[in-house]
Each structure stands twice: as C-alpha cells, then as structure tokens.
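Heads up: the protein sequence lines correspond to chains A and B, in order. So for the first sequence, this note's numbering puts the first residue at 1; every next one is plus one. So for the second sequence, this note's numbering puts the first residue at 1; every next one is plus one. Glycine included, each C-beta is placed from N, C-alpha and C at the ideal position. All figures in this text were calculated on a predicted structure; none of them were measured in a lab. Report on one structure; see the data block that follows.
2 protein chains.
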Amino acid sequence: MKLHESAHAPNPRRVRIFIAEKGIEVPRVQVDIGKRENRGPAFLALNPLGGVPVLELDDGRTIAESVAICRYFEEVHPEPPLMGVGPEDCAIVEMWNRRMELEVMRRITDAFRHTHEFFKGRITQVPEYGETRQREVPEQLVWLDEVLADRPFMAGDRFSIADITALVGIDFGRVIGVRIDPELKNLSRWHESVSARPSAQA
Amino acid sequence: MKLHESAHAPNPRRVRIFIAEKGIEVPRVQVDIGKRENRGPAFLALNPLGGVPVLELDDGRTIAESVAICRYFEEVHPEPPLMGVGPEDCAIVEMWNRRMELEVMRRITDAFRHTHEFFKGRITQVPEYGETRQREVPEQLVWLDEVLADRPFMAGDRFSIADITALVGIDFGRVIGVRIDPELKNLSRWHESVSARPSAQA
Numbered sequence: 001m002k003l004h005e006s007a008h009a010p011n012p013r014r015v016r017i018f019i020a021e022k023g024i025e026v027p028r029v030q031v032d033i034g035k036r037e038n039r040g041p042a043f044l045a046l047n048p049l050g051g052v053p054v055l056e057l058d059d060g061r062t063i064a065e066s067v068a069i070c071r072y073f074e075e076v077h078p079e080p081p082l083m084g085v086g087p088e089d090c091a092i093v094e095m096w097n098r099r100m101e102l103e104v105m106r107r108i109t110d111a112f113r114h115t116h117e118f119f120k121g122r123i124t125q126v127p128e129y130g131e132t133r134q135r136e137v138p139e140q141l142v143w144l145d146e147v148l149a150d151r152p153f154m155a156g157d158r159f160s161i162a163d164i165t166a167l168v169g170i171d172f173g174r175v176i177g178v179r180i181d182p183e184l185k186n187l188s189r190w191h192e193s194v195s196a197r198p199s200a201q202a
Numbered sequence: 001m002k003l004h005e006s007a008h009a010p011n012p013r014r015v016r017i018f019i020a021e022k023g024i025e026v027p028r029v030q031v032d033i034g035k036r037e038n039r040g041p042a043f044l045a046l047n048p049l050g051g052v053p054v055l056e057l058d059d060g061r062t063i064a065e066s067v068a069i070c071r072y073f074e075e076v077h078p079e080p081p082l083m084g085v086g087p088e089d090c091a092i093v094e095m096w097n098r099r100m101e102l103e104v105m106r107r108i109t110d111a112f113r114h115t116h117e118f119f120k121g122r123i124t125q126v127p128e129y130g131e132t133r134q135r136e137v138p139e140q141l142v143w144l145d146e147v148l149a150d151r152p153f154m155a156g157d158r159f160s161i162a163d164i165t166a167l168v169g170i171d172f173g174r175v176i177g178v179r180i181d182p183e184l185k186n187l188s189r190w191h192e193s194v195s196a197r198p199s200a201q202a
C-alpha cells in the first residue's frame, strides 16, 4: 500500500492527520504539484482527475478523494473512531464533516484557486468569484464560534474527521490571510486544542 | 421521523431515490423554497444553513446534508447496499459519489446558482463564474461516457449512491440546457437504464 500525496497541499494533510490519529503508518510517495507531476501520465493513471492524495492498494486498485481514503482506514482500523459510532452518530459526523468541507474549507480553497498566482493557467480563474468567497469566510468563522459554544469539537464530544477538515481548511487559509479573530473565544480555544494534538504535525 | 424536503430541488431528490431503492417510507414535510420558507425561523431551527433536505429523528435531533441522511438509512437499513460492501468497495463508492457530486452535480448547480434569476438576491451571483462552470459540463459528460465504457454503473457492477447523484445532477441540468449528446452512447445507455428504475420517479 502506498499513499501518493504532496506535503504542502491541504487535502493530503487531512489524510495524514486522520491516519496519525489512528496510529497507522503508510509508505508515502511525494507528488510535486508545483512541477505539475500530478498532471503527467504516470499520476493520471492513478487518478484521471489529477488530485492528491491517492491511496494505491496492494492489488493495484486506487482510491482517490480524501474522505474516501479516510473511510477505507476507518473500516479497516476502526479505533479510535473518527467517523462516528452507530447510525445517528455516523450521520451527524458526516453532516458536520460536509459542512466543514463545503462551507469552510471549500470557501477558502475556492478563494485561493481563483485569486492566487499558483492557479494561473491551471484553471479558468474568476477573481471576482474568489474575492466573493473570501469575503464570506469571516462570517463562517463566527458561525463556527457559535457551534463550539456548547461543545469541545465540531461534531460533539468526540474529536472527529470534521475537526480535521476544519483545521486543515482554516490553517490553509493563512496563504490568503485568513486568521481567527481572538474575539472568537470558542473557535480560538478549539483551534489551540486541536493544533496541540500530535497528529496536527502530520 | 420526518423528512423535510422540497419537491423541485435537486438534493431532496437524491434522498427520495435512495430511500425508494431501499423500500423505506418516511413521512415528508414540504418546504417552500420559492417562498423562502427555508430561510424562516422554523426551518432554520432544523438546519441553520437553510438547506433541504433535513431528517428529523424521533428524539428531535436533526440530520442535514443529503449524503449524511443517506448514510443514516444505509446504516439502519443496509439492504440493498447503496454505499458499498466492505472497506475497499465502500471507499470506491464514496470516491465515485464524491466525483459525481463535486465534478458533475456541483458544476451544474453552480452554473444555475450564479446565472439563474431564481438566485438573484439569494446569493452573491458571479455570472462569469456560472458561465465558466457551465462551459465545463460537456467535457465532464464525455468523461462519464468513458467511465461507463466497461461497466454498467458509475462505481462498478452495482447501482449505488454515485448513480443517484449523477442522475439527479444531470437531470437538474435541464433547467440550464444541459443535455446528453446521443453520441455519448455509454452515458445515454446508463441514463436510460437508471431513469427506468421505479426509484427515479421518486
């Protein structure tokens, strides 16, 4: 088994933190996105969409999409649970993970993709869209602060994949100037707490 | 248990088809999006993000996000499996469902949201972004045609949530003129086959 990933891209960090929390070691292959290695034929054979990370199984099958890779590890290595326990909890964790991805992380990565030099020539950039997305980020962070008013983690009492997605999204936001306002006490406390876990260094 | 949903929005249809495939009946409450009922206090108490569908459990807890609702029903009613069987297959189905959602359905709904009259005043529209997204749809359909060259369904030999997401996305595309080119024989065959399932009427 091999994990094809890139040290500086946000999605691979989601998987690295996820497997670090579970204590799983997987051999890694670095893909140089800066040099567009992910757009070359060898990588496209692993994932025709060109995205990292990709998990290559021993039988040669490949799993792309960070959350799908996390699902695989959750199934083969259930402890500690990071995607919920039982039908209601699994659904609630999935809801919060999707909210963190679609409302928070994706807003930040859209802003980056549509305004940053790095994506010039890689996608059809629409700077106005990127700016709109970026302007919406602060209100999302206020919402997260409210969410965390009565609980330690995004999906409830237990650290989960939703915290990983939120952490990775917010931390990646640094490249476009996203910062947590210290007035957001709950979100600041959460960020300090999840950043202090050893997995956050992964 | 109650499913709060809207007859004409794409995401609720994903859940309706999913539960129809499993033969589950759930009482439904219609939410009138046209009248912005989903932005009123009663609905925001169910889902602060204002999105449909929302599953209200008997204990009062609520699950938003279509895929999270599907996950709940998959866990409590595993047959027939629509989200995979075993670690590898679950991960592969999740990968394909995410691809159908993020690459196909979302491109189409982004095009709609950013160009259509319906969303004027509801979101900050960036028509150039919507047009860019729409222009990218045909090449996605060509890709799906290739994907389906050697298998009956999006994630392999078994009908799954990935087919539901693709069907709902493509069908919703009609409102912005998305059509499957009859030259795309595999995709056309797939569309005819999944549309003929009784669940497609849900």
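With fewer than 16 other CB atoms across the displayed protein chains lying within 10 angstroms of its CB, alanine 45/B is exposed.
For the region 81 to 133 of chain A, the continuous alpha helix (DSSP H) assignments of 4+ residues that do not extend past its boundaries occur at 87 to 99, 106 to 115, in sequence order. The beta carbon of glutamine 140/A lies closer than 7 Å to those of Glu103, Val104, Arg107 in the same chain, with the five residues before and after it left out. If you check each beta-carbon in the region 149 to 171 of chain B against every beta-carbon of chain A, none falls closer than 9 Å. A direct Cα-Cα distance of roughly 12 Å separates isoleucine 161/B from isoleucine 69/B. Residues of the same chain with a CB within less than 8 Å of the CB of arginine 158/B, apart from the 5 flanking positions on each side, are Pro81 in chain order. At a Cβ-Cβ threshold of 7 Å, aspartate 163/A and methionine 154/A count as neighbours.
Rounded to whole angstroms, the gap between the alpha carbons of glutamate 65/B and tryptophan 96/B is 17 Å. Proximity of arginine 39/B to chain A, defined by a Cβ-Cβ separation below 7 Å, is not satisfied. Residue environment for glycine 86/A: exposed (fewer than 16 other C-beta atoms within 10 angstroms of its C-beta).
Glu56/B is the residue among Gly173/B, Gly121/B, Glu56/B, Phe119/B whose C-alpha sits nearest the C-alpha of proline 27/B. In the structure shown, phenylalanine 153/A adopts extended strand secondary structure according to DSSP, grouped into three states. Distance from the Cα of isoleucine 176/B is smallest, within the candidate group Val67/B, Arg113/B, Asn38/B, for Arg113/B.
For glutamate 128/A, the chain B residues whose Cβ falls inside 9 Å of its Cβ are Val126, Glu128, Tyr129, in order along the chain. Across the structure, arginine 179/B and glycine 173/B are spaced so that their CA atoms are roughly 7 Å apart. Of all residues in the region 81 to 96 of chain B, only Gly84, Gly86, Pro87, Glu88, Cys90, Ala91, Ile92, Val93, Glu94, Met95, Trp96 place a beta-carbon less than 9 Å from a beta-carbon of chain A. Residue pairing for isoleucine 63/B: DSSP places it in a beta bridge opposite Leu55/B. CA-CA distance, glycine 60/A to glycine 23/B, rounds to 36 Å. The three-state reading of DSSP puts histidine 77/A in coil, since its state is none of H, G, I, E or B.
Per DSSP, leucine 49/A lies in no alpha helix (DSSP H) segment and is marked neither H nor E. Under a criterion of Cβ atoms nearer than 7 Å, the residues of chain B adjacent to alanine 68/A are, in order, Ala91, Glu94, Met95, Arg98. Note that the C-beta distance between glutamine 125/B and alanine 111/B is not below 7 Å.
Contacts with chain A at 7 Å (Cβ-Cβ) do not include isoleucine 24/B. Listed by position along chain B, the residues whose Cβ is nearer than 9 Å to that of glutamate 139/A form an empty set, because the closest Cβ is around 12 Å away. Distance between glutamate 94/A and glutamate 88/A, taken at the CA atoms: about 10 Å. By the rule that beta-carbons nearer than 7 Å mark a contact, glutamate 75/A touches chain B. Of Lys2/B, His77/B, Pro198/B, the smallest CA-CA separation from valine 54/B is found for Lys2/B. Relative to the Cα of glycine 50/A, the nearest Cα in the group Glu5/A, Pro78/A, Arg71/A belongs to Glu5/A. For glutamate 183/B, there is no enclosing alpha helix (DSSP H), as DSSP gives it neither H nor E.
Per DSSP, reduced to three states, the secondary structure at histidine 191/B is helical. Judged by DSSP in its simplified three-state form, valine 26/B adopts coil rather than helix or strand. A distance below 7 Å separates the beta carbons of serine 199/A and glutamate 21/A. Distances from the alpha-carbon of alanine 166/B to those of Ala7/B, Glu79/B, Ile17/B put Ile17/B closest.
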